[in-house]
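First up is the structure itself, then whatever we jot down about it.
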Amino acid sequence: MSTFWIKNIFLTLVFCSGNAFAAGHHAEKVFINGSIHTFDQELTVAEAIAIHNGVITLVGSNQEIKESVNQITEVIDLKGKMMMPSFHDAHSHPIWSGVDQLKCVVMESYDIDIMQAQLKECLTSELTKETGWVVGTQLNIGVFPSGNVDKSFLDQISKDIPIYVDAEDGHNGVANSKALEIAGISKETPNPENGIIEKDPVTGEPSGTLREPSAMNLVKSIMPKDNDRLYDEGLYFAQDLAHSFGITASIAAAVGERHMATYKRAADRGELELRIITCLEFGDTLFAQDSADFEQVYRNRAQYSDPRINVDCIKIFIDGVLEGQTGAVLEPYLGTDNYGQLYLEQEVLNAVVTRFDSENIQIHTHAIGDRAVRSTLDAFENAISINGRTDNRHHISHLQMIDEEDIPRFSKLGVAANFQATWALPDEYITDINIPELGIERVNRMYPIGSVFRADGLIVGGSDWAVSTMNPLVAIETAVRRQDPDNRVSGFLNKNESIDLTEILKAYTINAAYLMHLEEYTGSIEAGKSADLIILEKNLYNIPADEISEVKVLQTILEGKTVFRLE
Ligand SMILES: [Zn+2]
């Protein structure tokens with residue numbers, strides 16, 4: 004954590020609360036008659052709060068707040084509504100996915116004909132006219148056998164226009180024959196390092212599915228480049244969406260230099276209304292086109308720092324995903340001798356983690372399989388043995404599989420467990436892909452949120468948008484119920500791994516703020532903290548759990564300023 008970041012935030016807040024006192028204890032704004040869930044240490048529920056210059060100056064009863072009111076104070080009656088700290092999304096891809104949303108989004112998740120129809124519409128879009136390509140995103144490959152999509156799916160849309168579509172998991176892509184031809188991918192093309200070009204077992208022809216960034220980049224690197232305007236628009240799209248879901252802080256998990264530059268441009272214009280932690284992607288993979296020289300971007304990252312942007316984070320991909328059998332597992336995938344892939348040898352990972360830890364960088368890893376989780380924990384343990392305990396607050400995202408022996412290590416090593424709870428339900432990824440490839444016993448231990456919590460691990464929540472919805476309330480309901488919030492699929496995924504509402508709300512507020520080194524400033528409603536707040540349509544504590552995901556955010560407030568209001 005750079006002192007620059009700390010100092011800037013600190014000065015902003017101290018200066019502001021200083022003003023509050025100078026003005027004689029009056030507040031600019033007070034909220035009264037609320038059910039204000041503060042998420043302070045005691046989980047106090049208050050009636051009223053006062054705000055001045057973006058800072059909470061008083062939390063208490065309607066009676067107590069009166070002393071903050073004078074003639075010019077704006078008094079807002081919450082009429083019993085629930086107010087709570089705004090949400091912090093500990094794993095998102097605001098610009099990366101925001102840009103994607105401006106492209107050809109495959110909205111349909113289950114009907115292949117509708118997916119094709121949606122892609123077909125993009126043949127005539129402005130962006131296609133401009134670039135000569137159809138570039139799609141968010142394809143649900145879970146509905147295709149083994150997640151292996153045949154290029155004929157796209158060739159039926161066009162054989163002349165190159166088409167490339169990213170899968171929603173961010174780890175797979177599909178190209179049509181034309182795109183494969185332009186990229187020079189044929190039966191002779193060998194798999195790139197850490198990637199797979201799926202091929203027909205009989206003819207040897209590429210199927211069209213490309214697994215992991217190194218293979219996807221064979222096509223992506225020859226596609227027309229996105230310009231800065233598209234990046235700016237992508238960020239604003241993501242920021243508006245975040246505000247509509249009550250989010251005021253996000254960890255941008257895996258960025259290249261262009262993403263960092265885009266956040267900074269927005270901040271310089273005074274238009275960045277999200278607190279952002281940028282995790283620069285380590286090495287030379289997904290954003291190779293952005294950051295050909297990792298070391299150079301890493302060294303010069305301070306130029307993108309801002310009171311709202313913390314650039315002291317590195318993202319490391321430890322393995323792939325289970326649906327392509329690239330996730331690293333302790334026991335092989337059923338019927339194979341495949342243990343998946345660890346992207347870095349243990350000695351290399353140990354050295355990398357120890358180095359960044361000693362440079363006071365927060366490390367955020369992607370780990371899906373139990374072998375990847377263990378490898379990461381081993382690397383953190385090794386770093387502690389060399390550097391001692393640091394305050395870098397490292398964390399592991401995804402955590403689909405954790406071996407039982409590793410569960411207590413989160414607490415022991417001070418590593419936060421960053422779960423994407425929207426995945427913790429028995430959908431097609433689980434029933435049609437994970438059960439056949441791993442067996443029911445391993446599936447029955449997936450996404451062990453409850454176990455890590457009971458073993459005193461710090462639970463934080465993230466959306467992984469646009470892999471999944473950015474709406475924290477969907478994840479929160481799923482974490483509580485371990486069922487599909489839409490009731491599209493039935494049944495539970497490991498009911499014993501559910502956690503209670505308060506704990507998962509903490510994961511999206513004070514716990515995530517701690518992870519972001521922001522707990523002194525936000526994440527709970529306490530005097531002296533920034534007024535980062537939301538007002539909800541319904542009190543989450545007064546409704547059945549299966550209604551949580553439908554609750555609307557009425558207002559999102561960042562530093563006392565309303566950045567979203569439901570029309
Ligand atoms: Zn992600």
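Plus 3 on top of the position in the sequence shown (first one is 1) and you've got the numbering used here.
The beta-carbon is built from N, C-alpha and C at its ideal position, and this holds for glycine as well.
- Checking the DSSP bridge columns, you'll see C107 partnered with G139.
- Distances from the CA of V324 to each of H369, E362, F147 were compared; the closest alpha carbon is that of H369.
- Relative to ligand 1, the beta carbon of G327 is positioned no closer than 7 angstroms to any heavy atom.
- A straight line joining the alpha-carbon of L476 with that of W426 spans about 13 angstroms.
- Three or more beta-carbon pairs separated by less than 8 angstroms are not found between the region 124-134 and the region 511-523, which leaves the two stretches without contact.
- Distance from the CA of G63 to the CA of G453, rounded to the nearest whole angstrom, comes to 33 angstroms.
- When the Cα atoms are used, H174 and I188 turn out to be separated by approximately 18 angstroms.
- In this structure, the alpha-carbon of Q558 lies about 11 angstroms from that of L81.
- Residues Y346, H369 of the same chain have their beta carbon placed closer than 6 angstroms to that of F320, with the five preceding and five following residues left out of the count.
- By the neighbour-count definition (other C-beta atoms within 10 Å, threshold 16), D467 is a buried residue.
- Shown here, A186 sits in a helix according to DSSP, grouped into three states.
- Using a cutoff of 7 angstroms, the CB of V470 counts as near ligand 1, since one of the ligand's heavy atoms is closer than that.
- Residue K106 holds the alpha-carbon nearest to the alpha-carbon of L142 among K106, Y336, L275.
- Under the three-state reduction of DSSP output, A548 falls in the helix class.
- Rounded to the nearest whole angstrom, the CA to CA distance from I312 to D92 is 14 angstroms.
- Per the Cβ contact rule, the region 414-432 is in contact with the region 487-502 (3 or more Cβ pairs under 8 angstroms).
- At a threshold of 7 angstroms, D172 does not count as near ligand 1, since its beta carbon sits no closer than that to any of the ligand's heavy atoms.
- By alpha-carbon distance to Y307, the top candidate from A264, D322, C316, E274 is A264.
- Non-local beta-carbon contacts of C316 in its own chain, meaning distances under 8 angstroms to residues more than five positions away in sequence, involve I254, I280, T281, C282, L283, I364, Q365, I366, H367 in chain order.
- A Cβ closer than 5 angstroms to some heavy atom of ligand 1 marks a residue here, and those residues are A256, D467.
- Distances from the alpha-carbon of Y432 to those of F147, N36, E553, F248 put F147 closest.
- Straight through space, the alpha carbons of V109 and F240 are spaced by roughly 17 angstroms.
- N542 and H40 have their alpha carbons spaced roughly 10 angstroms apart.
- A direct Cα-to-Cα measurement between A49 and Q242 gives close to 29 angstroms.
- Here K32 is buried, its C-beta having at least 16 other C-beta atoms within 10 Å.
- Rounded to the nearest angstrom, the Cβ distance from A382 to V356 is 4 angstroms, consistent with a contact under 8 angstroms.
- Residue state for G464 is assigned as strand, using DSSP reduced to three classes.
- Contact between K154 and G211 holds: CB atoms are separated by about 3 angstroms, below the 8 angstroms threshold.
- Two segments are said to touch when three or more pairs of C-beta atoms, one from each, lie closer than 8 angstroms; by this definition the region 540-556 does not touch the region 111-120.
- If you draw a 10 Å sphere on the C-beta of N179, you find 16 or more other C-beta atoms in it, and that means buried.
- Collapsing the DSSP output to three states places L536 in a strand.
- Cβ neighbours of S361 within its own chain (closer than 7 angstroms, five residues either side excluded): N390.
- In the DSSP assignment, Y167 forms a beta bridge with V138, A178.
- The Cβ-Cβ distance between A252 and T525 falls below 8 angstroms.
- The beta carbon of Y301 is closer than 7 angstroms to those of L283 in its chain, skipping five residues each way along the sequence.
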